[in-house]
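Below: one structure, written as structure tokens.
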Amino acid sequence: MEEGGEKRKQKLRIVLVPWVFQGHINPMFLLASILHEKGFSITLAHAEFTPIDPTSHPHFSFIPLPDGFSGPDVGISFGSFLNFHSAINTKIESLLLDRLGREIDDESGAEKIACIIYDTIFCNVESAAHRLGIPSVSLHTSSATCLRVHLNLPDLQSYIPIPDGFGDEIAPGLDPLRFKDLDILLAPHVQEMLPFVAKTSNVTTAAAVILNTGSCLEQASLEEIKKKCGGGGAIPVFAPGPLFKLAPSASASSSLLEENTDCLKWLDRQAPDSVIYISMGSLVRIETDEFKELAHALADSEQPFLWVVRPDLLQGEAGTTAAVIERLPEKVKRVILEEERGMVVEWAPQKEVLAHKAVGGFLSHCGWSSTVESMGEGVPMICRPGFGDQWVNARYVSAVWGAGLELGGGNRKALERGEIEAAIKKVMSGKLGEEMRKKAGDMKSKIESSIVKGGSSYNDLDSFVQFILSLQQPN
Ligand code: UDP
1 MEEGGEKRKQ KLRIVLVPWV FQGHINPMFL LASILHEKGF SITLAHAEFT
51 PIDPTSHPHF SFIPLPDGFS GPDVGISFGS FLNFHSAINT KIESLLLDRL
101 GREIDDESGA EKIACIIYDT IFCNVESAAH RLGIPSVSLH TSSATCLRVH
151 LNLPDLQSYI PIPDGFGDEI APGLDPLRFK DLDILLAPHV QEMLPFVAKT
201 SNVTTAAAVI LNTGSCLEQA SLEEIKKKCG GGGAIPVFAP GPLFKLAPSA
251 SASSSLLEEN TDCLKWLDRQ APDSVIYISM GSLVRIETDE FKELAHALAD
301 SEQPFLWVVR PDLLQGEAGT TAAVIERLPE KVKRVILEEE RGMVVEWAPQ
351 KEVLAHKAVG GFLSHCGWSS TVESMGEGVP MICRPGFGDQ WVNARYVSAV
401 WGAGLELGGG NRKALERGEI EAAIKKVMSG KLGEEMRKKA GDMKSKIESS
451 IVKGGSSYND LDSFVQFILS LQQPN
């Protein structure tokens, strides 16, 4: 980058607006760290109820927007979620208009805002940006394939409701996804969901679209999205992901919950590739029966394990992690709490855990961040999706990358005694597991090649920076 360009960037500010959940906050903060390292000044404007700790990020400035919400209860119905989504979007739009509008009017204001990067779920931010005359960039934090599914939904309307026996059929235009991977089409409230999905997958109005993925992960889906953005490829699409691999290594954590770092010391005492790590991310809640099956499998498999049991992991029950564990049968509880072979934490420093040499497998709900974090570290997965795009991601892990397997054959049925244990043994020690480990290792190598000079993600990041700079040039 020539010197003048660097100087110009120093004065440019980017305002980033993350959606309110952990799985969305993390990629937005990673992008913020990357752009800060590239010389931009960074402001995070966020809903005030998200407990973001500004002191962990002294290089960024923060605008907590007094939204007046106490946060959505994820156990609530989809209808209530839609109301929450609509209300907070309206509120944040007006708060941003007011706050940034005042800054723009105050001509002594220090740095010019080059663009607003918003999580696509915060769709009204785009209209606020438009009214303020600031270019906006839409960040999709889920996979390119998920966006591809959403863009194809109008063509799948005739399959709603999905006819009996169609679950294993390949969905037209979405190979290798089966109908049963398209959670949205299976939802009882599918007709309510479609307008919501259309609004939150909009690729026709922002100045650009950026995704937390790369060609090495999802080339075909990216190609298709690129053709469709702007209604015919008019809007540029950047895929400099997975962002966690490109972010400066010293980036502070954006965890909303306190990470238990003792588990890293525990991992130091375990043999290479011996530990199965289990986490269902920040939102998925599981049935008590499934929780017990998991505990039995961990007790019976004799495999070392690190298990994230969030206090709100069980459906319909709030409590503490200790209270949740307390409800397990005595024999299982003893093994679970015996620190020799396993460790239970409320929240883990997941990226460090997956990068630890002792971790040999990841039983996951397959949120997109968890999926790319696992592939980026070459850790094979046992997939047990909860909802939404997690089914699509699980299909990619197993059928496209060959780096894991789907529990229960990718079906929504309850798991039987022995099923989870067998899957753990398969991935951790079987011949099939060896192949999956090799494939996950290949994914890691591909990702690492994509982020170095000349690689696709490296190039896309470079093009994205040039794009932001070009937004400043006089017409
Ligand atoms: N995570 C973490 N500690 C945990 C569990 C999850 O730091 O104990 C992080 C994980 O690294 C990922 C994010 O939380 O970045 C979860 O995002 P994902 O998209 O995987 O799932 P979601 O929580 O949105 O369902």
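For the sequence shown, the working numbering begins at 1 and goes up steadily by one.
By construction, the Cβ of each residue, glycine as well, lies at the ideal position given by its N, Cα and C atoms.
- In terms of Cβ geometry, F122 and V17 form a close pair [threshold 9 angstroms].
- One Cα belongs to P64, the other to I52, and the distance between them is close to 9 angstroms.
- Within the same chain, Cβ atoms closer than 7 angstroms to the Cβ of G376 are found at P242, F244, K245, K444, I447, the five residues on either side in sequence being excluded.
- Counting only the Cα atoms, G388 lies some 22 angstroms from A87.
- Between the alpha carbons of I286 and V372 lies a gap of roughly 22 angstroms.
- Counting along the chain, P64 sits inside the beta strand (DSSP E) bounded by residues 61 to 65.
- Take E218, set aside five residues on each side of it, and the residues of its chain with a beta-carbon closer than 7 angstroms to its own are S143, A144, T145, in chain order.
- Rounded to whole angstroms, the separation of the alpha carbons of P163 and M193 is 19 angstroms.
- With a cutoff of 8 angstroms, P349 counts as near the ligand UDP, since its C-beta is closer than that to a heavy atom of the ligand.
- L363: member of the beta strand (DSSP E) spanning 359 to 364, first to last residue.
- The beta carbon of C383 is closer than 6 angstroms to those of C366, A394, V397, G404, E406 in its chain, skipping five residues each way along the sequence.
- Boundaries of the alpha helix (DSSP H) harbouring W368: 368 to 376, taken from the DSSP string.
- The beta carbon of S450 sits closer than 6 angstroms to the beta carbons of G214, C216, S456, S457 from its chain, once the five residues preceding and following it are set aside; these are given in chain order.
- Counting only residues of its own chain and dropping the five nearest sequence neighbours on each side, K199 has a CB closer than 6 angstroms to the CB of C123.
- Excluding five sequence positions before and after I34, the CB atoms of its chain that fall closer than 8 angstroms to its own CB belong to P240, L243, L246, A247, P248, L461, given in chain order.
- Under a 10 Å Cβ-count criterion, D183 is classified as buried, with 16 or more other Cβ atoms of the shown protein chains found around its own Cβ.
- Here E330 carries a helix assignment [DSSP, helix/strand/coil].
- DSSP, reduced to helix, strand and coil, places C115 within a strand of the structure shown.
- Using a Cβ distance threshold of 9 angstroms, L151 and I225 count as a contacting pair.
- Between L298 and I336, the C-beta gap is smaller than 9 angstroms, which places the two residues in contact.
- In the pairwise beta carbon analysis, the stretch 302 to 309 is classified as touching the stretch 269 to 278: at least three pairs are separated by under 8 angstroms.
- In the DSSP assignment, A144 falls within the unbroken alpha helix (DSSP H) covering 144 to 156.
- Excluding sequence positions up to five before and after S77, its CB lies less than 7 angstroms from no other CB in the same chain.
- When the alpha-carbon of A114 is set against those of E290, S429, F40, L267, the nearest one is in F40.
- With fewer than 16 other Cβ atoms inside 10 Å of its own Cβ, K413 counts as exposed.
- With contacts defined as CB atoms closer than 9 angstroms, M343 and C263 qualify as a contacting pair.
- Boundaries cannot be given for G430, as no beta strand (DSSP E) includes it and DSSP labels it neither H nor E.
- Taking all protein chains in view, the Cβ of H296 is crowded by 16 or more other Cβ atoms within 10 Å, so the residue is classified as buried.
- For L306, the uninterrupted beta strand (DSSP E) segment begins and ends at 305 to 308.
- Look at A423 here: in three-state DSSP terms it is helix.
- As DSSP reads the structure, R178 sits in a beta bridge with I170.
- A Cβ-Cβ separation of about 4 angstroms places L267 in contact with A358 under the 8 angstroms criterion.
- Per the coordinates, the alpha-carbon of E317 lies some 9 angstroms from the alpha-carbon of V324.
- Contact between F29 and S254 holds: CB atoms are separated by about 4 angstroms, below the 8 angstroms threshold.
- Within the stretch 172 to 229, the complete beta strand (DSSP E) segments at least 3 residues long are 208 to 211, listed from N- to C-terminus.
- A buried status is given to G361, since no fewer than 16 other beta-carbon atoms sit within 10 Å of its beta-carbon.
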